[in-house]
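A.B. asks: Residue 1053 is where the sequence shown starts when you use our numbering, and the numbers rise one by one after that.
C-beta atoms are modelled at their ideal positions from N, C-alpha and C, and glycine is treated no differently.
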Amino acid sequence: MDTLSEPQLRALLLQFRQGDEPAFNQLYSTYAKVLYRKINSIVKDDDVAEELLQDLFLKIWDKRRLINIDHSFVAFLYTVAQNLVYDYLRKVSRDKRLQATLLINAVDYYMQTEEALIGKETAAIIQQAIDKLSESRKKVFILCKMEGKTYQQAADELGISIATVNSHMVKSISFIKEYLHKNPEIGLLLIFGVILC
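Here you go:
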């Protein structure tokens, strides 16, 4: 992790709070690797760790105006990361119990039919949101979310930095989630939690 002096970090956080994308990219570049290693040491899954890291930076982007520059930013990052990991572990635990119950009570053909219908509807609605993204964000989103490429692979393919890929992903997911919440026809799909899994 590249270290920033206290005055450098304070100036960067002031810019970041105003929505400055280069400041966001600098924060990502400075802290992402160490946070990823910390998260991955707990969840033991590269893909999950990358998703949680993305969620972490999405959260700090969304709450950037609330960041208190008089308190330790690193401690704040670790607290957010810790909360995301705990939430993930609780969800995995609940999901496993729920899946076991559903498997016992569900009829196979009914579940397959429902999943197919929900999958088609979800895909169509998500595609509408993706189509509204800028061209550069759309390319990054498709590579990372739909083609399953890592941020590094997407950065290499597009000739951009990992920080830029992360920035595009954070803003794309934020836009898509907002788009989905504004469209009432997907309420049922949101309840089932099938969007942006």
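Determine the DSSP secondary structure at S1057, reduced to helix, strand or coil.
C.D. replies: coil
A.B. asks: How would you label Q1078, buried or exposed, when you count the other beta carbons within 10 angstroms and need 16 or more for buried?
C.D. replies: buried
A.B. asks: By the 10 Å Cβ neighbour count, where 16 or more other Cβ atoms means buried, how is M1198 classified, buried or exposed?
C.D. replies: Burial call: exposed.
A.B. asks: Excluding the five sequence neighbours on either side, which residues of its own chain have a C-beta within less than 7 Å of the C-beta of N1092, listed in chain order?
C.D. replies: Cβ neighbours of N1092 beyond the five flanking positions: D1098, A1101.
A.B. asks: Hey, how far is the Cα of Y1138 from the Cα of L1104?
C.D. replies: Computed Cα separation, rounded: 11 Å.
A.B. asks: Using 8 Å for Cβ pairs, my map puts R1069 next to R1116. What's the rounded Cβ distance?
C.D. replies: With a Cβ gap of about 5 Å, R1069 and R1116 count as contacting.
A.B. asks: Taking the alpha helix (DSSP H) that Q1120 falls in, what are its first and last residues?
C.D. replies: Per the sequence shown, residue 1120 should be read as Asn rather than Gln. N1120 -> no alpha helix (DSSP H), and no H or E assigned at all.
A.B. asks: Report yes or no: do the segment 1071-1086 and the segment 1183-1201 share at least 3 C-beta pairs separated by less than 8 Å?
C.D. replies: no
A.B. asks: Which word fits T1131, buried or exposed, when buried means at least 16 other C-beta atoms lie within 10 angstroms of its C-beta?
C.D. replies: exposed
A.B. asks: For the alpha helix (DSSP H) that E1199 lies in, which residues bound it at each end?
C.D. replies: Looking at the DSSP string, E1199 is not in any alpha helix (DSSP H), and its letter there is neither H nor E.
A.B. asks: By how many angstroms is the C-alpha of F1128 removed from the C-alpha of K1111?
C.D. replies: 11 Å
A.B. asks: Please classify K1096: is it buried, with 16 or more other beta-carbons within 10 angstroms of its beta-carbon, or exposed?
C.D. replies: exposed
A.B. asks: Pull up the CB-CB distance for A1017 and I1228, whole angstroms please, since I reckon it's below 8 Å.
C.D. replies: Because the chain spans 1053 through 1249 in this model, residue 1017 falls outside it and cannot be assessed.
A.B. asks: Between the beta-carbon of L1141 and the beta-carbon of D1107, is there less than 7 Å?
C.D. replies: no
A.B. asks: Should S1057 be labelled buried (16 or more other beta-carbon atoms within 10 Å of its own) or exposed?
C.D. replies: exposed
A.B. asks: Which of helix, strand or coil does DSSP assign to K1234?
C.D. replies: coil
A.B. asks: What are the boundary residues of the alpha helix (DSSP H) that S1081 is part of?
C.D. replies: Counting along the chain, the unbroken alpha helix (DSSP H) around S1081 starts and ends at 1073-1095.
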